[in-house]
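Report on one structure; see the data block that follows.
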Amino acid sequence: MLGYDALMRTTIRLDDQLLADARSLALRSGTTLTAMIEEALRESIARRRQAPVTQRVELPTFRGDGLQPGVDLDDSSALLDLMESDDR
């Protein structure tokens, strides 16, 4: 198994403009394109590792056993009409 400090050659496909921007930034920064890509990958991986883990939230429900027959939560107009009707 290769260690983390082992170097591997690989081929990646990049958008032409992204590659041009990265090359230009590397030149202005006095570094190599490889170093720029490595840094970007390390930063991206570190951010994803630090992302908070979301927990499932249980919302309370009151009176009843769920939606009434015929209620379509995707139809906001009909839902509003139903909530404003006197037949509740």
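What the sequence shown shows, in our numbering, is residues 406 to 493, in sequence order. Ideal placement from N, C-alpha and C gives every residue a C-beta, glycine not left out. Computed from a predicted structure; not experimentally measured.
With DSSP as the reference, label arginine 447 as helix, strand or coil.
-> helix
Are at least three pairs of beta-carbons, each pair with one atom in the segment 476-483 and one in the segment 448-462, less than 8 angstroms apart?
-> no
Does the count of Cβ pairs from the segment 436-450 and the segment 458-466 closer than 8 angstroms reach three?
-> no
Taking just the CA atoms, how far does serine 482 sit from leucine 464?
-> 24 angstroms
Close Cβ partners of leucine 430 (< 8 angstroms) along its chain, the five nearest in sequence each way excluded = Met441
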